[in-house]
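Residue numbers (my numbering): 248 to 496. Notes for the one structure printed next.
This is the structure:
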């Protein structure tokens with residue numbers, strides 16, 4: 248594929264605001280109002296071609312009817328480098344805060360994690376090239392456009408990447424059912440990487456062994472575990488809470 252598709256009002260609007268290299272924007276006839284009108288104006292301000300077409304045309308291009316009358320095409324996505332994530336932290340004058348996802352296969356989960364990473368102040372997300380969801384239109388839609396703002400690095404070997412991050416001073420905390428430490432004990436003042444595993448099997452053995460700490464999330468109900476994106480959200484906001492205590496700027 249030479250192009251990627253983004254659909255949905257929020258996702259396209261956020262991609263435009265982030266000045267992603269969009270080729271063209273399609274709007275469904277009769278839908279140019281509210282956010283769709285904002286999409287139209289911002290696209291035209293950036294010199295991007297905007298075309299109004301029958302809604303069925305958007306169905307065909309996107310392969311879904313869930314596009315809300317807004318669709319955009321852009322070059323096949325280019326992933327960030329690890330250095331870009333460190334640079335994002337440096338620009339904010341903050342200790343690095345990364346989220347590492349070990350073989351998350353559901354694009355909706357990946358999108359949800361990216362959305363929370365943006366909201367909680369993470370400087371980037373790291374995913375493996377194999378056996379993992381990538382940056383697709385579904386991910387952009389699920390992230391509500393946050394994927395246009397959060398650097399996502401895709402690496403060949405997650406365990407080896409973790410070794411590199413350790414050399415750069417990061418402490419790696421993995422979410423594991425049998426973790427020995429309560430997640431509320433996490434020291435987030437240091438450079439930190441949160442590691443979350445696959446929806447079904449959790450972290451692979453090699454990845455788990457590279458973690459400095461294994462964190463558990465207390466469960467008092469009948470369900471034994473949380474959804475991957477829910478667990479990741481809890482951990483990310485623990486970092487947020489630690490770094491931005493109530494009453495701080």
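Beta carbons: idealized from backbone N, C-alpha and C, even for Gly. Computed from a prediction, not measured in an experiment: that's the story for all the values here.
My assumption, with CB atoms under 8 Å, is that residue i sits in contact with residue j. Please give the rounded CB distance.
i: residue 442; j: residue 349; result: 6 Å
i: residue 370; j: residue 387; result: 19 Å between Cβ atoms; not a contact.
i: residue 260; j: residue 392; result: 6 Å
i: residue 475; j: residue 351; result: 6 Å
i: residue 440; j: residue 462; result: Actually they do not touch by this definition, with Cβ atoms about 12 Å apart.
i: residue 394; j: residue 361; result: 5 Å
i: residue 389; j: residue 354; result: 6 Å
i: residue 384; j: residue 251; result: 6 Å
Does DSSP classify residue i as helix, strand or coil?
i: residue 309; result: helix
i: residue 254; result: strand
i: residue 445; result: strand
i: residue 303; result: helix
i: residue 437; result: coil
i: residue 428; result: strand
i: residue 470; result: coil
i: residue 279; result: coil
i: residue 262; result: helix
Express the C-alpha separation of residue j and residue i in angstroms, rounding to a whole number.
i: residue 339; j: residue 368; result: 10 Å
i: residue 319; j: residue 480; result: 29 Å
i: residue 494; j: residue 488; result: 11 Å
i: residue 452; j: residue 445; result: 12 Å
i: residue 310; j: residue 267; result: 22 Å
i: residue 347; j: residue 410; result: 13 Å
i: residue 289; j: residue 264; result: 8 Å
Taking CB distances under 9 Å as the criterion, tell me whether residue i reaches chain B.
i: residue 258; result: Looking for chain B here will not work: only one protein chain is present.
What is the residue span of the beta strand (DSSP E) that residue i lies within?
i: residue 463; result: 460–463
i: residue 402; result: 399–402
i: residue 271; result: 271–275
Kindly indicate the opening and closing residues of the alpha helix (DSSP H) around residue i.
i: residue 197; result: Any answer about residue 197 is impossible in this case: the structure gives the chain only from 248 up to 496.
i: residue 385; result: 384–389
i: residue 407; result: 405–414
i: residue 287; result: 282–292
i: residue 489; result: 475–490
i: residue 456; result: 452–457
Uninterrupted beta strand (DSSP E) stretches inside the segment 307–378 (no shorter than 3 residues): 317–322, 344–348 and 371–375
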